[in-house]
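Student: Quick one: structure below, then a few questions.
Residue numbers (our numbering): 3 to 189.
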C-alpha cells in the first residue's frame, strides 16, 4: 500500500504579488520565473531587437519591486505586467528620441562651427593674399591702423606722414581691395 503525498499547493499570482510587495524574495523569484519568458517575448516584439529586449526586460525586472504595490488585482497580473512593459518601452523610445535629437542638434552645431571656421580661414587667406598685392606704404598703414588699432594721428606720427596721407592711404586700400574682390567675383 502506497501512501499518497498531498500535492503542494501552487500559489496564485496575486498571492505571489502580495508576498513580493511585502519583501519576500522567494515570492518575487517565483513570480519572475513564471512570467519572464512572456515578458521577454513581448519586449522583443516591442523593440524588434534581442539586445534591446534584454535591456528592456532587465529594466522592468529592476523596477518591478517598486511597482508591485500599485498592482490592485482588478486585472490579471500578466495583463498588468504587459501594461508595465508597454509603458517602459514607450519611455525608452522617448528617451532614445530625445538623445537622438540632442545628438542631431550637436552634430548640426558642430558642422556649423566647422563651416564658420573654414569661412573665417578662407577670408583670412584671401586678405593675406590681397594685402600682399598692396604697396609697402599701404600695407604699413593698414597694419598700424587696423592691426594695431591706432588712430590716424598715431599712424601719421609713426610713419612720419600727415594725417591726410594716412586717410588717403586707407581710402586707397579700400578701393584696391574692393576692385580685387570684384575682379575675383567676375571670374
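Note that beta-carbon positions come from the ideal geometry of N, C-alpha and C, so glycine has one too.
Quick one: what's got a C-beta closer than 7 Å to residue 29's C-beta in the same chain, skipping five residues either side?
Tutor: The residue labelled residue 29 in the question sits at position 27 within the chain shown. Closer than 7 Å at Cβ, skipping near neighbours: 18, 21 and 22.
Student: Would you tell me roughly how many angstroms separate the C-alpha atoms of residue 35 and residue 96, rounded to the nearest one?
Tutor: Along the chain shown, read from residue 1 onward, the residue named residue 35 stands at position 33. Along the chain shown, read from residue 1 onward, the residue named residue 96 stands at position 94. Their Cα atoms are separated by approximately 29 Å.
Student: Between which two residues does the alpha helix (DSSP H) carrying residue 48 extend?
Tutor: As a first step, residue 48 must be located in the chain shown, where it is residue number 46. It spans 27-49 - the alpha helix (DSSP H) in which residue 48 sits, taken as one unbroken run.
Student: Is residue 67 helix, strand or coil when you go by DSSP?
Tutor: What you label residue 67 is simply residue 65 of the chain shown in a count that begins at 1. Helix at residue 67.
Student: For a test of the three-state rule: what should DSSP assign to residue 180, helix, strand or coil?
Tutor: Position 178 of the chain shown, counted from the first residue, corresponds to residue 180. Three-state DSSP puts residue 180 in a helix.
Student: Do residue 171 and residue 140 count as a contact pair if the criterion is CB distance below 8 Å?
Tutor: Your numbering for residue 140 matches position 138 in the chain shown. Your numbering for residue 171 matches position 169 in the chain shown. Yes. Within cutoff.
Student: Just to confirm before moving on: does the CB-CB distance between residue 135 and residue 161 stay below 8 Å?
Tutor: Taking the first residue of the chain shown as position 1, residue 135 is located at position 133. Taking the first residue of the chain shown as position 1, residue 161 is located at position 159. No, they are not a contact pair.
Student: Just checking, does the segment 71-89 make contact with the segment 104-119 on the three C-beta pairs under 8 Å criterion?
Tutor: The segment 71-89 is not in contact with the segment 104-119.
Student: Whole angstroms is fine: what's the gap from residue 131's alpha carbon to residue 103's?
Tutor: As a working note, residue 131 is residue 129 in the chain shown. As a working note, residue 103 is residue 101 in the chain shown. Distance between the alpha carbons of residue 131 and residue 103 is about 42 Å.
Student: Going by C-alpha to C-alpha distance, which of 82, 61 and 165 sits closest to residue 74?
Tutor: Within the chain shown, residue 74 is the residue found at index 72, counting from 1. The shortest Cα separation from residue 74 among 82, 61 and 165 belongs to 82.
Student: Are the C-beta atoms of residue 179 and some chain C residue less than 8 Å apart?
Tutor: Looking at the structure shown, chain C is missing, and only one protein chain is on hand.
Student: Which value, in whole angstroms, describes the spacing of the CA atoms of residue 90 and residue 50?
Tutor: Numbered from its first residue, the chain shown carries residue 90 at position 88. Numbered from its first residue, the chain shown carries residue 50 at position 48. Cα-Cα distance, rounded: 15 Å.
Student: Taking Cβ positions, are residue 45 and residue 66 nearer each other than 8 Å?
Tutor: Translated into the one-based positions of the chain shown, residue 45 becomes position 43. Translated into the one-based positions of the chain shown, residue 66 becomes position 64. Not closer than 8 Å, so no.
Student: Closest to residue 56 by CA distance: which of 71, 68, 39 and 72 is it?
Tutor: Here residue 56 corresponds to residue number 54 of the chain shown, with the count starting at 1. Taking only the C-alpha atoms, the option nearest residue 56 is 39.
Student: So, is residue 62 buried or exposed, given that buried needs 16 or more other C-beta atoms within 10 angstroms?
Tutor: Within the chain shown, the letter at position 60 stands for residue 62. Counting Cβ neighbours within 10 Å, residue 62 comes out buried, since at least 16 surround it.
Student: How long is the line joining the alpha carbons of residue 164 and residue 138, rounded to whole angstroms?
Tutor: As a working note, residue 164 is residue 162 in the chain shown. As a working note, residue 138 is residue 136 in the chain shown. Using only the alpha carbons, I get a separation of about 17 Å.
Student: My guess is that residue 168 and residue 154 are in contact by the Cβ rule of under 8 Å, so how many angstroms apart are they, rounded?
Tutor: On the chain shown, position 166 is the one that residue 168 refers to. On the chain shown, position 152 is the one that residue 154 refers to. About 5 Å; that satisfies the 8 Å criterion.
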